[in-house]
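Quick notes on the structure that follows.
Residue numbers (my numbering): 13 to 181.
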């Protein structure tokens, strides 16, 4: 009977943090107590009944903090309702079609019994950290491609699943 949810995320420039915070806000509005926390600062998942893990995509890999979180807490995560999300494409493709998880995320999903994964559009703007990120922005290929309607709808579906599970329990 999930009653407390963790949304753990790995981010470099804050785009994935904003997605995680939006998901947490939607879940809370739906009656599900939820915390959004940087993955690197989570020391224990025992107090959470369900977990969502998200990471920005960099060169075809999930953010290192999300990868480390999943490795560090894998045993505990496998026994809980678990969802993954990624953020990254700097175009409208994530809104237009379902983008499968990158290979490393797909392997973790199989190993841990993840219920679902979604890839959301990313955001990269002025002041981005990292050489490659600054190059992308300076070449005019940055921008905000997050679809908050899509993010909110996905979170609402999870909230509905969690609340119906709470009623059934």
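Here a beta-carbon is modelled for each residue, glycine too, at the ideal position from N, C-alpha and C.
Distance between beta carbons of residue 66 and residue 31, contact taken as under 8 Å:
Taking 8 Å as the upper bound for CB-CB distance, residue 31 and residue 66 are in contact here, some 6 Å apart.
What are the boundary residues of the beta strand (DSSP E) that includes residue 129?
Its beta strand (DSSP E) spans residues 128 to 132.
Determine which residues share a DSSP beta bridge with residue 18 and list them.
DSSP, once it has assigned bridges, lists 47 and 63 as partnering residue 18.
Have a look at residue 166 and residue 62 and give me their C-alpha separation to the nearest angstrom.
If you take the alpha carbons of residue 166 and residue 62, they lie about 15 Å apart.
Distance check for residue 38 and residue 140, CA to CA, integer angstroms please.
Approximately 27 Å, taken between the alpha carbons.
Hey, would you say residue 124 sits closer than 8 Å to residue 78, going by beta carbons?
Contact flag unset, no.
Let me confirm a value: residue 71 is counted as buried when at least 16 other C-beta atoms fall within 10 Å, else exposed. Which label applies?
Exposed: under 16 other Cβ atoms inside 10 Å.
Could you say which of 117, 130, 122 and 83 lies nearest to residue 105 if we only look at CA atoms?
Nearest C-alpha to residue 105: 130.
Looking only at C-alpha atoms, which of 75, 177, 20 and 175 sits nearest to residue 95?
The shortest C-alpha separation from residue 95 is found at 20.
From residue 171 to residue 46, what distance separates their C-alpha atoms?
Using only the alpha carbons, I get a separation of about 10 Å.
How about residue 23 and residue 85: are their beta carbons less than 8 Å apart?
Cβ distance not < 8 Å, so residue 23 and residue 85 don't count as in contact.
Confirm, please, whether the CB-CB distance from residue 102 to residue 153 is below 8 Å.
Result yes, Cβ atoms of residue 153 and residue 102 sit closer than 8 Å.
Excluding the 5 residues preceding and the 5 following residue 42 in the sequence, name in chain order all residues of the same chain whose CB lies nearer than 6 Å to its CB.
The beta carbon of residue 42 sits closer than 6 Å to the beta carbons of 171 from its chain, once the five residues preceding and following it are set aside; these are given in chain order.
6 Å Cβ shell around residue 137 - same chain, five flanking residues per side excluded
These residues qualify, in order along the chain: 154.
Under 8 Å, do residue 132 and residue 97 count as touching if we go by C-beta distance?
Yes, the Cβ-Cβ distance between residue 132 and residue 97 is below 8 Å.
Strand pairing of residue 68, partner residues [DSSP]
In the DSSP assignment, residue 68 forms a beta bridge with 99.
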